[in-house]
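Engineer: Have a look at this one.
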Amino acid sequence: MGNDKDVQSTFSAPPRDEEEWPQVLQVLKAGATLYRPPKLRRFFPQFPDGQFSGAGSVSPSFVKKMEASKVLTKVGADRYIIAEVSP
Numbered sequence: 100m101g102n103d104k105d106v107q108s109t110f111s112a113p114p115r116d117e118e119e120w121p122q123v124l125q126v127l128k129a130g131a132t133l134y135r136p137p138k139l140r141r142f143f144p145q146f147p148d149g150q151f152s153g154a155g156s157v158s159p160s161f162v163k164k165m166e167a168s169k170v171l172t173k174v175g176a177d178r179y180i181i182a183e184v185s186p
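Sequential numbering of the sequence shown, starting at 100, is according to our numbering.
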């Protein structure tokens with residue numbers, strides 16, 4: 100899925116996003132989506148069965164920057180997946 104170091108160093112992000120992104124990325128690679136529940140400000144990894152992973156969260160601005168960097172792909176309202184990367 101590409102080089103994790105490149106994904107993590109794409110831009111400068113707030114400290115909380117930088118700290119939690121490696122765990123969030125690992126869960127996304129395992130098949131979770133990134134979802135922002137109603138009335139909450141941050142995005143959380145969610146498994147297909149609807150359970151949240153507890154792997155951390157990231158801010159909406161971080162998600163938008165990762166989408167612009169082609170790391171995340173929007174698949175629905177407030178829902179993202181890890182972008183497919185060709186080998």
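By construction, the Cβ of each residue, glycine as well, lies at the ideal position given by its N, Cα and C atoms. No experiment lies behind these values; they were computed from the predicted model shown.
Select from E118, R115 and L127 the residue whose C-alpha is nearest the C-alpha of A182.
Structural biologist: Among E118, R115 and L127, the Cα nearest to that of A182 belongs to L127.
Engineer: Which runs of the alpha helix (DSSP H) spanning at least 4 residues fall entirely within the region 117 to 141, listed in chain order?
Structural biologist: List check, alpha helix (DSSP H) in window: nothing returned.
Engineer: P159 by DSSP, collapsed to three states: which one?
Structural biologist: Helix.
Engineer: Alpha carbon to alpha carbon, how far is K164 from G149?
Structural biologist: Cα to Cα, the separation comes out at about 25 Å.
Engineer: Looking at D116: is its Cβ nearer than 8 Å to the Cβ of V157?
Structural biologist: Yes, Cβ-Cβ distance for D116 and V157 is below 8 Å.
Engineer: Identify whether K173 lies in helix, strand or coil by the three-state DSSP scheme.
Structural biologist: Three-state result, K173: strand.
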